[in-house]
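Trainee: For the sequence shown, the positions run 20 to 90 when this note's numbering is used.
The C-beta atom is built at its ideal place from N, Cα and C for all residues, glycine as well.
As the structure is a prediction and not an experimental result, all values here were calculated from the model.
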Amino acid sequence: MQEIKLRPEDEFIKLGQALKAVNMVGSGVEAKIVIQNGEVQVNGEVDTRRGKKLYDGDTFTYQGETVKVVR
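1) Take Glu58 and list the residues in its own chain whose beta-carbon comes closer than 7 Å to its own, dropping the five residues that flank it on each side.
2) On the premise that Val88 lies in contact with Leu25, defined as a C-beta separation below 8 Å, what is that separation, rounded to the nearest angstrom?
3) Here's the rule I'm using: 16 or more other beta-carbon atoms within 10 Å means buried, otherwise exposed. How should Ala37 be labelled?
4) When the Cα atoms are used, what is the spatial distance from Glu28 to Gly35?
5) Go ahead and pull the three-state DSSP assignment for Lys33.
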């Protein structure tokens, strides 16, 4: 499982930004499309909100790869 570390000044990261940050997608437009198509799961459930806030301990999965958000 991959991890994405929150910046010290940030309490959360948005789902679309997180997908880009770990290079699962190449652009914000691509992130929007895969999220709206229901291809991304947050904490085991499909979430179609690009602006979904991910906090420490949350996970998201895309194309069989899971990433955990850590502080």
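Mentor: Considering the structure as presented:
1) Tyr81
2) 6 Å
3) buried
4) 19 Å
5) strand
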